[in-house]
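Here is the structure we will look at, set down as structure tokens.
Protein chains: 2
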Amino acid sequence: MASNEFDLIARYFEQQAVTRKDVALAIGDDCALLDIPAGSHLAVSTDSLVAGTHFLAEADPQWVAHKALASNLSDLAAMGAAPAWVSLALTMPAPDEAWLAEFCKGFFALAEYYNVQLVGGDTTKGPLSITLTVHGFVPQGQALTRSGAKAGDWLYVTGNLGDSAAGLSLILGERACRDEALASTLIDRHYRSQPRLLAGQALRQIASAALDISDGLVADLGHILKRSGVAAEIDVDKLPLSDELRQFEPDLAKAQQLALSSGEEYELCFTVPEQNRGALETALAHTGVKATCIGRIRVGSGLSLVKASQPLDWQLTGYDHFAE
Amino acid sequence: MASNEFDLIARYFEQQAVTRKDVALAIGDDCALLDIPAGSHLAVSTDSLVAGTHFLAEADPQWVAHKALASNLSDLAAMGAAPAWVSLALTMPAPDEAWLAEFCKGFFALAEYYNVQLVGGDTTKGPLSITLTVHGFVPQGQALTRSGAKAGDWLYVTGNLGDSAAGLSLILGERACRDEALASTLIDRHYRSQPRLLAGQALRQIASAALDISDGLVADLGHILKRSGVAAEIDVDKLPLSDELRQFEPDLAKAQQLALSSGEEYELCFTVPEQNRGALETALAHTGVKATCIGRIRVGSGLSLVKASQPLDWQLTGYDHFAE
Numbered sequence: 001m002a003s004n005e006f007d008l009i010a011r012y013f014e015q016q017a018v019t020r021k022d023v024a025l026a027i028g029d030d031c032a033l034l035d036i037p038a039g040s041h042l043a044v045s046t047d048s049l050v051a052g053t054h055f056l057a058e059a060d061p062q063w064v065a066h067k068a069l070a071s072n073l074s075d076l077a078a079m080g081a082a083p084a085w086v087s088l089a090l091t092m093p094a095p096d097e098a099w100l101a102e103f104c105k106g107f108f109a110l111a112e113y114y115n116v117q118l119v120g121g122d123t124t125k126g127p128l129s130i131t132l133t134v135h136g137f138v139p140q141g142q143a144l145t146r147s148g149a150k151a152g153d154w155l156y157v158t159g160n161l162g163d164s165a166a167g168l169s170l171i172l173g174e175r176a177c178r179d180e181a182l183a184s185t186l187i188d189r190h191y192r193s194q195p196r197l198l199a200g201q202a203l204r205q206i207a208s209a210a211l212d213i214s215d216g217l218v219a220d221l222g223h224i225l226k227r228s229g230v231a232a233e234i235d236v237d238k239l240p241l242s243d244e245l246r247q248f249e250p251d252l253a254k255a256q257q258l259a260l261s262s263g264e265e266y267e268l269c270f271t272v273p274e275q276n277r278g279a280l281e282t283a284l285a286h287t288g289v290k291a292t293c294i295g296r297i298r299v300g301s302g303l304s305l306v307k308a309s310q311p312l313d314w315q316l317t318g319y320d321h322f323a324e
Numbered sequence: 001m002a003s004n005e006f007d008l009i010a011r012y013f014e015q016q017a018v019t020r021k022d023v024a025l026a027i028g029d030d031c032a033l034l035d036i037p038a039g040s041h042l043a044v045s046t047d048s049l050v051a052g053t054h055f056l057a058e059a060d061p062q063w064v065a066h067k068a069l070a071s072n073l074s075d076l077a078a079m080g081a082a083p084a085w086v087s088l089a090l091t092m093p094a095p096d097e098a099w100l101a102e103f104c105k106g107f108f109a110l111a112e113y114y115n116v117q118l119v120g121g122d123t124t125k126g127p128l129s130i131t132l133t134v135h136g137f138v139p140q141g142q143a144l145t146r147s148g149a150k151a152g153d154w155l156y157v158t159g160n161l162g163d164s165a166a167g168l169s170l171i172l173g174e175r176a177c178r179d180e181a182l183a184s185t186l187i188d189r190h191y192r193s194q195p196r197l198l199a200g201q202a203l204r205q206i207a208s209a210a211l212d213i214s215d216g217l218v219a220d221l222g223h224i225l226k227r228s229g230v231a232a233e234i235d236v237d238k239l240p241l242s243d244e245l246r247q248f249e250p251d252l253a254k255a256q257q258l259a260l261s262s263g264e265e266y267e268l269c270f271t272v273p274e275q276n277r278g279a280l281e282t283a284l285a286h287t288g289v290k291a292t293c294i295g296r297i298r299v300g301s302g303l304s305l306v307k308a309s310q311p312l313d314w315q316l317t318g319y320d321h322f323a324e
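As given, the protein sequences belong to chains A and B, one line each in that order.
Numbering of the first sequence is given in UniProt numbering, commencing with residue 1 and proceeding in unit increments.
Numbering of the second sequence is given in UniProt numbering, commencing with residue 1 and proceeding in unit increments.
Spelled out as structure tokens, the structure:
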């Protein structure tokens, strides 16, 4: 059993199923050589997942791989970009082939689903961590940014919110749940989110601003508000909650607070001008992704929460890697 | 003094001097949006540097930054690509602003020199490491790969070889050197190599194969030989050695062995067909980079070392991150 770096890379990473025509030269040289369609921007995003910070070292390697790639692809979704390629920098303490085989299973399953080709990377020795750089395309002038929201636009989110935080509290043992099936569903929602790639592409020329929810709705929406120079109001009773979350957290206010602050949801948060609301329904219909209107963009700055038209004073913050 | 992740990123990474016209949207959204010149491939390469594996945690942050970016740009040089953009994933145990300020100084000095724009990244909490993904352009059909060497081609390297290994042995305390100026020059050569970007671009349509020396000449040349299906012969007396290396290691055979195995040199190793040797000299003249012919490509497989036309049986290997 060889433990040579080059053999490891060759064995696990050169044997993927995806081969795209826009890859002129893939893994095995100093660089990958790639082609971009005419009239498109290249969209690029980088994410690191570090053992002990973003996942437990003993977590299922398939789930870790899925989470790493899904969260990175989610950034392409948030721009309305179609995914194409990914680079993988993997740092591990020792060449653990069993771990690597499981990791690759999870990684390539998701990569194949979205026709994303692994085009390069680096395998190094050190504390376990994964850094991915995804590349995709978006037609020039059609990218969804954080800066386009206008007062009067409607505020939407895809899917449901709060399940990821509920799953994480179970994984970390902060909460317990006697219903094993329920616990396993919520844990799965934390690890195995689906990047909203088709929805993101469908929102081109419909949404005025968009991003993906990685640090919690409140924290992430703050970026849109700041970059767009606007305020927003969310009606907490409109937040989309799964049946599983309502079972897990019967207290409605607590469930809504979870939905507002839950990180790593990888749902899209986006704004839609009044005149595009009709087109939105049609555009999302074929993607199988639901979108829920949860509020509206206003003149001013900051976020207000309301319930039955009354202001709420809930204190919520997003996830900060360096906060104590 | 704020230690919030977003403030940190904003303060240190959004204030760079380079602004390229091919960057439609830089740091601050979910993805960067970038434009590739028509008729060019996008060249992409990823490298990780991990504290304890690739550098000492207490090393000068400016040097660490230089080394990380220089080694990554060197991969573009090896393909004949012109550099354009870089993504930076930085993992650090705590938001150490003094370290970050020094790191940025080293990073942006080199980035500005080569007009490379930082277009994105991720800042996370964890053991100190740096992962960079560089992007560049190379005209379609002109990239230098590892697979084009043919029997009869001449074998070249840029610059001198061995200084980086000598410097590293001093940094690690494996060797001592009473001459402080000499020691400091060699340590500087280890940390502050210059990526051979202009030389790489000058070699387009002249070299038949190329790569950069990161794991040592013998190990890296092996990749060209394998991918091209050829053998090579190196005359060790032709290896370019600096005066400083000869002072540091007066035993010529030992100095030559250092030159053959020294990693992290970031010099280019390339092959040139007989009919292009005249053009080579002209092409490199304006880059200020010397190239030395050290041997020839042969029919067969594997590498032979010779001295005064006699075979040598030196046993040398490259750097393997996972070797014991």
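Beta carbons: idealized from backbone N, C-alpha and C, even for Gly.
query: Got a sec, what are the start and stop residues for the alpha helix (DSSP H) F103(B) sits in?; result: 97-113
query: I want to see whether chain B comes within less than 8 Å of C31(A), judged by CB atoms only; does it?; result: yes
query: What three-state label does DSSP hand S3(B) in the structure shown?; result: Here S3(B) scores only 46 on pLDDT, less than 50, and its place in the model should not be relied on; the value that follows carries that caveat. Note: S3(B) maps to coil in three-state DSSP.
query: Mind checking which residues open and close the alpha helix (DSSP H) that includes V64(A)?; result: 61-79
query: Would K238(A) and I294(A) qualify as a contact pair, given that the criterion is a beta-carbon distance under 8 Å?; result: yes
query: Give the DSSP bridge partners of E233(B), in chain order.; result: R296(B), S304(B)
query: Residue range of the alpha helix (DSSP H) that T282(A) falls in?; result: 277-285
query: DSSP state of L128(A), grouped into three classes?; result: coil
query: Helix or strand or just coil, what does DSSP make of S208(A)?; result: coil
query: Residues of the segment 11-25 of chain B in Cβ contact with chain A at a cutoff of 7 Å, in chain order, please.; result: A24, L25
query: Express the C-alpha separation of S304(A) and Q310(A) in angstroms, rounding to a whole number.; result: 10 Å
query: What residue range is occupied by the uninterrupted beta strand (DSSP E) comprising Y156(A)?; result: 154-158
query: Could you tell me which of S147(B), E274(B), D220(B) sits nearest to residue 328(B), measuring between CA atoms?; result: Residue coverage of chain B in this structure runs from 1 to 324, which leaves residue 328(B) outside it and unanswerable.
query: Tell me whether G162(B) sits in a helix, a strand or coil according to DSSP, three-state version.; result: coil
query: Looking at chain B, is there any beta carbon in it that lies within less than 8 Å of the beta carbon of I36(A)?; result: yes
query: Short of 7 Å in beta carbon distance, which residues of its chain neighbour S244(B), apart from the five on each side in sequence? Order them along the chain.; result: First, the residue type needs correcting, since residue 244(B) is Glu and not Ser in the sequence shown. Within the same chain, E244(B) has close Cβ partners D163, L182, T185, L186.
query: Among the candidates V289(B), E274(B), S129(B), whose CA atom is the shortest distance from the CA of A89(A)?; result: S129(B)
query: What is the C-beta distance between L161(A) and G200(A), in whole angstroms, given that I count them as a contact (C-beta under 8 Å)?; result: Actually they are not in contact, since the Cβ atoms of L161(A) and G200(A) sit about 17 Å apart, beyond 8 Å.
query: Applying the criterion that 16 or more other CB atoms from any shown protein chain within 10 Å of the CB defines a buried residue, is K125(A) buried or exposed?; result: buried
query: Let me make sure I understand the geometry here. Which of Q142(A), F137(A), V138(A), R189(A) has the alpha-carbon closest to that of E265(A)?; result: R189(A)
query: What separation, rounded to the nearest whole angstrom, lies between the Cα atoms of V272(B) and S208(B)?; result: 6 Å
query: Determine the DSSP secondary structure at A183(A), reduced to helix, strand or coil.; result: helix
query: When you compare each of G39(A), A43(A), K21(A), V18(A) to residue 351(B) by their alpha carbons, which one comes out closest?; result: The shown model of chain B, from 1 to 324, leaves out residue 351(B), and the question about it has no answer.
query: Three or more beta-carbon pairs under 8 Å between the segment 94-106 of chain A and the segment 54-69 of chain A, yes or no?; result: yes
query: Mind listing the chain A neighbours of V50(B)? Cutoff is C-beta to C-beta under 9 Å, in chain order.; result: T91, T124, K125, G126, P127, S129
query: Would V218(B) pass as an interface residue toward chain A - the criterion being a Cβ-Cβ separation below 8 Å?; result: no
query: Compare the C-beta of L241(B) with all C-beta atoms of chain A and state if any pair is closer than 8 Å.; result: no
query: Spell out whether any CB of chain B is found under 8 Å from the CB atom of H41(A).; result: yes
query: Determine the contact status of G120(A) and H66(A), defining contact as a CB-CB distance below 8 Å.; result: no
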